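Asker:
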Amino acid sequence: MLDPSQAYDVPFEIRAGSFNLPVLKLTSDSADAIAGLLAARVQQAPDFFRHAPVILDLHELATRDQVPDFDALLQILRGSGLTPVGVRGGNAEQNAAADAAGLALLAEGKHHESHPATESPQPTPEPIRPPRQGTKIIDQPIRSGQRVYANDGDLVVIATVSPGAELMADGNIHVYGSLRGRAMAGVKGDLDARIFCLDLQAELIAIGGHYKVSENLDGTARGRPVQIMLRDNALIIQDL
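UniProt numbering numbers the first residue of the sequence shown as 1 and each following residue consecutively.
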């Protein structure tokens with residue numbers, strides 16, 4: 001039994017933790033193609049990629065038995081500011097290559113994509129958008145360096161979002177205060193997602209992968225209550 005007087009001599013403790021991390025879904029094993037698209041995205045929104053941890057999703061490549069050159073891929077990702085931490089969805093050969101490159105092999109988690117049972121010859125139509133798990137509500141200020149992610153739902157912040165803070169949601173984002181950091185809605189590709197805020201001072205806004213940085217924001221919209229939406233692949237800012 002550990003003497004209480006020696007409690008502070010224990011060098012570490014192991015505890016369970018839960019983190020929501022961005023996922024990079026690979027649809028090609030071409031390092032050149034990945035590098036080209038990533039460079040364009042980084043140029044659009046450099047702050048989004050800076051020091052961001054990311055998980056590599058290999059599901060698409062696993063169906064084609066394609067094994068990426070992980071050493072080249074890691075060099076590209078790290079050169080873009082991303083921090084790759086692991087992979088998921090790979091086959092045995094892909095996982096072995098990822099492990100050899102120093103990446104963690106991550107479990108799939110509790111929810112997977114499901115397919116409707118074929119009880120009748122007529123297929124069940126897919127929903128227009130995936131069901132939301134719920135709304136995540138934050139009633140405290142989001143400080144610089146903090147990242148908040150609403151997985152499969154909307155994010156509501158009833159406070160100020162400081163410069164350097166980051167909001168991410170698969171659905172809509174509502175900020176009942178000043179939005180001075182970064183806000184990314186529809187991060188899994190929902191082009192109908194919107195961003196609402198009472199005071200637009202954002203460093204970056206994004207919907208469904210379409211970005212605008214602070215230098216490109218309409219100056220007349222700053223400091224005003226606005227909603228931001230995507231129309232014809234362009235971000236539109238409207239007064240509330």
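We put the beta carbon where it would ideally sit given N, CA and C, even for glycine.
Note that the structure is predicted; figures quoted are calculated from it, not measured.
(1) What first and last residue would you give for the alpha helix (DSSP H) that runs through Phe70?
(2) Could you pull out every unbroken alpha helix (DSSP H) segment of at least 4 residues lying fully inside the stretch 135 to 217, listed in chain order?
(3) So, is Leu61 buried or exposed, given that buried needs 16 or more other C-beta atoms within 10 angstroms?
(4) Can you tell me which of Leu179, Lys212, Ser144 and Asn172 puts its alpha carbon nearest to the alpha carbon of Cys197?
(5) Please tell me whether Arg194 and Asn172 are closer than 8 Å, where the distance is taken between their beta carbons.
(6) CA-CA distance, Gly90 and Lys212?
(7) Where do the N-terminal and C-terminal ends of the beta strand (DSSP E) with Ala234 fall, by residue?
(8) With C-beta atoms as the reference, is Arg88 less than 8 Å away from Leu106?
(9) Which residues in the same chain as Asn233 place their Cβ atom closer than 8 Å to its Cβ, once the five residues preceding and following it in sequence are excluded?
(10) Between Thr160 and Leu56, what straight-line distance do the alpha-carbon atoms span, to the nearest angstrom?
(11) Please classify Ala187 as buried or exposed, where buried requires at least 16 other C-beta atoms within 10 Å of its C-beta.
(12) Count the other CB atoms within 10 Å of the CB of Leu143; is the residue buried (16 or more) or exposed (fewer)?
(13) Which value, in whole angstroms, describes the spacing of the CA atoms of Ser80 and Gln43?
(14) Within 10 Å of its beta-carbon, does His174 have 16 or more other beta-carbons around it, so buried, or fewer, so exposed?
(15) Per DSSP, what kind of secondary structure is Arg88 in: helix, strand or coil?
(16) Return the CA-CA distance between Gly145 and Glu203, expressed in angstroms with no decimal places.
(17) Under DSSP, the alpha helix (DSSP H) around Leu56 begins and ends at which residues?
(18) Do you know offhand how far Met184's Cα is from Asp9's?
(19) Given Lys25, which residues of its chain have a CB within under 6 Å of its CB, disregarding the five upstream and five downstream residues?
(20) What do you reckon, are the CB atoms on Phe70 and Leu103 nearer than 8 Å?
(21) If we call anything under 8 Å between Cβ atoms a contact, is His51 one with Thr83?
(22) Name the one or two DSSP bridge partners that Thr83 has.
Answerer: Short version:
(1) Looking up residue 70 in the sequence shown gives position 70. Counting along the chain, the alpha helix (DSSP H) containing Phe70 begins and ends at Phe70 to Gly79.
(2) none
(3) By 1-based counting over the sequence shown, the position of residue 61 is 61. Per the 10 Å Cβ criterion, buried.
(4) As a first step, residue 197 is located in the sequence shown; it is residue number 197 there, counting from the start. Cys197 has its Cα closest to that of Leu179, out of Leu179, Lys212, Ser144 and Asn172.
(5) One-based indexing of the sequence shown puts residue 194 at position 194. One-based indexing of the sequence shown puts residue 172 at position 172. Yes. Within cutoff.
(6) Within the sequence shown, numbered from 1, the residue matching residue 90 stands at position 90. Within the sequence shown, numbered from 1, the residue matching residue 212 stands at position 212. Taking the straight line joining both Cα atoms gives about 33 Å.
(7) Numbered from its first residue, the sequence shown carries residue 234 at position 234. DSSP places Ala234 in the uninterrupted beta strand (DSSP E) bounded by Ala234 to Asp239.
(8) Residue numbering aside, residue 88 sits at position 88 when the sequence shown is read from its first letter. Residue numbering aside, residue 106 sits at position 106 when the sequence shown is read from its first letter. Taking 8 Å as the Cβ cut-off, Arg88 and Leu106 qualify as a contacting pair.
(9) On the sequence shown, position 233 is the one that residue 233 refers to. Here the set comprises His210.
(10) Counting from 1 along the sequence shown, the entry for residue 160 is found at position 160. Counting from 1 along the sequence shown, the entry for residue 56 is found at position 56. Each residue's alpha carbon lies about 32 Å from the other.
(11) Walking along the sequence shown from the start, residue 187 turns up at place 187. The residue you asked about is not Ala; residue 187 is Val in the sequence shown. Classification for Val187: buried.
(12) Within the sequence shown, residue 143 is the residue found at index 143, counting from 1. With the sequence shown as reference, residue 143 is identified as Arg, and Leu is not the correct amino acid for it. By the neighbour-count rule (16 or more Cβ atoms within 10 Å), Arg143 is not buried but exposed.
(13) As a position in the sequence shown, residue 80 is number 80, starting the count at 1. As a position in the sequence shown, residue 43 is number 43, starting the count at 1. For Ser80 and Gln43, the distance between alpha carbons rounds to 10 Å.
(14) Here residue 174 refers to the residue found at position 174 of the sequence shown. Buried: at least 16 other Cβ atoms inside 10 Å.
(15) For the purposes of this step, residue 88 is identified with residue 88 of the sequence shown, where counting begins at 1. Three-state result, Arg88: strand.
(16) The count along the sequence shown starts at 1 and reaches residue 145 at position 145. The count along the sequence shown starts at 1 and reaches residue 203 at position 203. In a straight line, the C-alpha of Gly145 is about 13 Å away from that of Glu203.
(17) Along the sequence shown, read from residue 1 onward, the residue named residue 56 stands at position 56. That residue, Leu56, is in no alpha helix (DSSP H); its beta strand (DSSP E) goes Pro53 to Asp57.
(18) Here residue 184 is taken as the residue at index 184 of the sequence shown, counted from 1. Here residue 9 is taken as the residue at index 9 of the sequence shown, counted from 1. Going from the Cα of Met184 to the Cα of Asp9 covers about 43 Å.
(19) Translated into positions along the sequence shown, residue 25 becomes position 25. Here the set comprises Asp57.
(20) Counted from its first residue, the sequence shown places residue 70 at position 70. Counted from its first residue, the sequence shown places residue 103 at position 103. Contact flag set, yes.
(21) Mapped onto the sequence shown, residue 51 falls at position 51. Mapped onto the sequence shown, residue 83 falls at position 83. Yes, the Cβ-Cβ distance between His51 and Thr83 is below 8 Å.
(22) For this step, residue 83 is matched to residue 83 along the sequence shown. DSSP, once it has assigned bridges, lists Pro53 as partnering Thr83.
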